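Residues 1 to 146 in my numbering are what the sequence shown lists, from first letter to last. Heads up, the beta-carbon is just placed ideally off N, CA and C, and yes, glycines get one too. The model shown is predicted, which means the values in this text are computed figures rather than measured ones. The structure appears below as structure tokens.
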Amino acid sequence: MNEPIRTQWQIRCAFNGFCKLALKREAMNAHRDTKQRQLREVTFSDLSPLEEKQLYVCDEYFADDEAEQSFVVGGKEITAKLLAEALHSLPEEKRETVLLYYFFDMSEREIAKFCNLSRTTVQSRRTSSMKLLKRYLEEKAYDCTD
């Protein structure tokens, strides 16, 4: 009668020992991996200024080139700043419609679904926005006499 209980006990002990050994070896592997990672890693505070500058890039396209930041259309000089101001002068819902249509390449139906509006409302906002932008740019743009 005691024989099956003893066998189960032995099996439990063997399994327990196996589990402890597996956990011990896994802990050793994790400790070793952590040590190796720490040897390769460098904290930001330990970086030299030169190494710090290599971690990021600042885009400076056309930063110093004034000719590239403006263009002439219909005898008016349009600058990037003026165009941005014109867009900011629009009411928010119209600006959103213009940006989604022209810069995110969404159709009027997609914009209507996205903004939970009718397609005709989106079309109306877009066309009225273009009229407002035209008026703003005509008033504020510099006349070019080439």
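Coarse secondary structure for residue i, derived from DSSP in three states
i, result
"V98", "helix"
"Y142", "strand"
"E92", "helix"
"E41", "coil"
"Q10", "helix"
"F18", "helix"
"V122", "helix"
"F198", "An answer regarding residue 198 cannot be provided, because it is not within the stretch 1 to 146 covered by the chain."
"D46", "helix"
"D148", "Here the chain covers residues 1 to 146 and nothing more, so residue 148 does not appear."
"E60", "coil"
Where the beta strand (DSSP E) through residue i begins and ends
i, result
"S70", "70-73"
"E108", "It is not in any beta strand (DSSP E) - E108 instead sits in the alpha helix (DSSP H) that spans 108-115."
"E77", "76-79"
Contacts around residue i, its chain only, beta-carbon distance under 7 angstroms, and the 5 residues preceding and following it disregarded
i, result
"K113", "none"
"K140", "L82"
Spatial neighbours of residue i in its chain, beta-carbon cut-off 8 angstroms, leaving aside the 5 residues before and after
i, result
"E96", "C115"
"E52", "F44"
"D146", "With a pLDDT of 49 at D146, under the threshold of 50, the modelled position of that residue is not reliable, and the figure given next carries that caveat. Hits under 8 angstroms: V72."
"N16", "none"
"D59", "none"
Distance between beta carbons of residue j and residue i, contact taken as under 8 angstroms
i, j, result
"K76", "L137", "7 angstroms"
"R126", "Y101", "6 angstroms"
"K94", "S128", "7 angstroms"
"E108", "V122", "5 angstroms"
"I78", "S70", "6 angstroms"
Terminal residues of the alpha helix (DSSP H) in which residue i lies
i, result
"L50", "49-53"
Minimum Cβ-Cβ distance from residue i to chain C less than 8 angstroms
i, result
"F71", "Given the protein chain composition of this structure (a single chain), no chain C is represented."
Residues near residue i by beta carbon distance below 6 angstroms, same chain, minus five either side
i, result
"M106", "L100"
"K24", "none"
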